[in-house]
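In our numbering, the protein residues as written are 293 to 563.
This is the structure in C-alpha cells:
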C-alpha cells in the first residue's frame, strides 16, 4: 500500500481532504487520492480552467467536485472512480462502453474544420524517418492530403487515448481521464490514437476490427488509414526524442502494425 504523501505545498489540501496518497502523475500534473475524491495538482497555471472546461464539454460534469486555487496551487477535484487502466485482459469487456462514449463525444460539432496546413507541417517534420523503410506510411498520408480527404469538419476529441487514460472496473464501466489535450479535430485521428495507444495491446486483427466498429463508412476508413500512418510516424518521432534506446524495438512493432492496417484498409477505403 502506498504511503500518504507529506509535502509542504499540499498542507492546505490535506487540511480540507485529509491525508493524500499519490496515485500518478505526468507532464501536466501530479495526481492524489483522498477519501472518495481524486485531486489533480497542475504544474502550470491555466490548466485547471482548460481541463474543467473540456470535462464539461465531454459531458462529464457530474465528475467535478471542485476547482481550487490554494496559494500557487491549481487543483481539480473529481469523484473517485474505482477502476484501473485497461489492459489486454480487460479491454474487450470495456470496449462496448468505451465505444458508446466516443460515439457521443464525436457527435458534437465544433463549427471548425480540420487544420490541413498543420497536417502538412507535421508530416514534413517526420520526413527524416523515411530512411527506416516507412515510405508506405508517408504515401498513405500524402495520398489522403492530395485527394482532399482530410478536409473535414472537426469534432470534439480527447486526443490522448492511450491505455493509462482509460479506466475500467469489473462491471465493464469506463471512465476516460486526462482531458488537457482535448480539442477540435477529426474523430478518425482520435480513433487512430486509440488504436495505437490502447487497442494495439490486442492482436493485430482484433485491434483493427475493434477500430473499424467506430469507422463504418468508406470515407471514415480512408481518413483512418491516413491517421494511422501519421500517428505511427508521430510515435516513432517521440521515441527518437524521449526514449531512443527503445526506438528500434518500437519501430519493428509499430511498422508491422501500421502496414497491417494500411493493407486491410486499402480495400475498404475510397479509391
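All C-beta atoms, glycine included, are put in the ideal place defined by N, C-alpha and C.
### Task
Use the C-beta contact count for residue 481: other C-beta atoms within 10 angstroms, 16 or more gives buried, fewer gives exposed.
Along the chain shown, one-based indexing puts residue 481 at 189. Classification for residue 481: buried.
### Task
State yes or no: is the C-beta of residue 436 within less than 8 Å of the C-beta of residue 381?
Locating residue 436 in the chain shown gives position 144, counting from the first residue. Locating residue 381 in the chain shown gives position 89, counting from the first residue. No, they are not a contact pair.
### Query
If residue 337 sits next to residue 362, beta carbons under 8 Å apart, how far is it from one beta carbon to the other, in whole angstroms?
For this step, residue 337 is matched to residue 45 along the chain shown. For this step, residue 362 is matched to residue 70 along the chain shown. With 8 Å as the limit, residue 337 and residue 362 do not qualify as a contact, their Cβ atoms being about 13 Å apart.
### Message
Tell me whether the stretch 488-499 and the stretch 461-479 touch, counting them as touching only if at least three CB pairs, one residue from each stretch, are closer than 8 Å.
### Response
no
### Query
Which of the three DSSP states, helix, strand or coil, is assigned to residue 519?
Reading the chain shown from its first residue, position 227 is the one you call residue 519. Helix at residue 519.
### Query
Thinking C-alpha only, which one of 503, 385, 350 is nearest residue 400?
Counting from one through the chain shown, the residue named residue 400 turns up at place 108. Nearest C-alpha to residue 400: 350.
### Query
alpha helix (DSSP H) containing residue 408: first to last residue?
For the purposes of this step, residue 408 is taken as residue 116 along the chain shown, with counting starting at 1. Start and end: 408-417.
### Query
Are there 16 or more other CB atoms within 10 angstroms of the CB of residue 417, so buried, or fewer, so exposed?
Taking the first residue of the chain shown as 1, we reach residue 417 at position 125. Exposed, since its Cβ has fewer than 16 Cβ neighbours within 10 Å.
### Query
So residue 444 is in the beta strand (DSSP E); what residue range does that whole segment cover?
As a working mapping, residue 444 is identified with position 152 in the chain shown. Per DSSP, residue 444 belongs to no beta strand (DSSP E) and is neither H nor E.
### Query
Among 503, 301, 443, 328, which residue has its Cα nearest to the Cα of residue 404?
As a first step, residue 404 is located in the chain shown; it is residue number 112 there, counting from the start. Nearest of 503, 301, 443, 328 to residue 404, Cα basis: 443.
### Task
From the DSSP output, in three-state form, read off residue 555 for me.
The residue labelled residue 555 in the question sits at position 263 within the chain shown. Helix.
### Message
Tell me which residue opens and which closes the alpha helix (DSSP H) that residue 477 is part of.
### Response
Here the question's residue 477 lines up with position 185 in the chain shown. Element bounds for residue 477: not the alpha helix (DSSP H) but the beta strand (DSSP E), 475-477.
#### Entry: Uninterrupted alpha helix (DSSP H) stretches inside the stretch 334-409 (no shorter than 4 residues)
339-349, 383-398
### Beta-carbon proximity of residue 408 to residue 518, cut-off 8 Å
Residue 408 sits at position 116 when you count from the first residue of the chain shown. Residue 518 sits at position 226 when you count from the first residue of the chain shown. The answer is no: Cβ separation not under 8 Å.
### Message
DSSP three-state label for residue 468, please.
### Response
Counting from one through the chain shown, the residue named residue 468 turns up at place 176. The answer is strand: DSSP assigns residue 468 an E or B state.
### Query
Is the Cβ of residue 553 closer than 8 Å to any Cβ of chain C?
The structure shown contains no chain C, having only a single protein chain.
### Query
Start and end of the beta strand (DSSP E) containing residue 324?
The residue given as residue 324 occupies position 32 in the chain shown. From DSSP, the beta strand (DSSP E) with residue 324 extends over 321-326.
### Query
Rounded to whole angstroms, how far is the Cβ of residue 449 from the Cβ of residue 398, which I believe are closer than 8 Å?
Position 157 of the chain shown, counted from the start, is the residue given in the question as residue 449. Position 106 of the chain shown, counted from the start, is the residue given in the question as residue 398. Indeed, because the Cβ distance is near 7 Å, the residues count as touching under 8 Å.
### Query
Going by the CB atoms, is the gap between residue 377 and residue 455 shorter than 8 Å?
Residue mapping note: residue 455 aligns to position 163 of the chain shown, counting from 1. Residue mapping note: residue 377 aligns to position 85 of the chain shown, counting from 1. Cβ atoms of residue 455 and residue 377: closer than 8 Å.
### Query
So what does residue 332 bridge to, in DSSP terms?
Within the chain shown, residue 332 is the residue found at index 40, counting from 1. Per DSSP, 323, 368.
### Query
Under a three-way DSSP split, which group does residue 438 fall into?
Here residue 438 refers to the residue found at position 146 when the chain shown is read from its first residue. The answer is helix: DSSP assigns residue 438 an H, G or I state.
### Buried/exposed call for residue 370, threshold 16 Cβ in 10 Å
In the chain shown, residue 370 corresponds to position 78, counting from 1. Burial call: buried.
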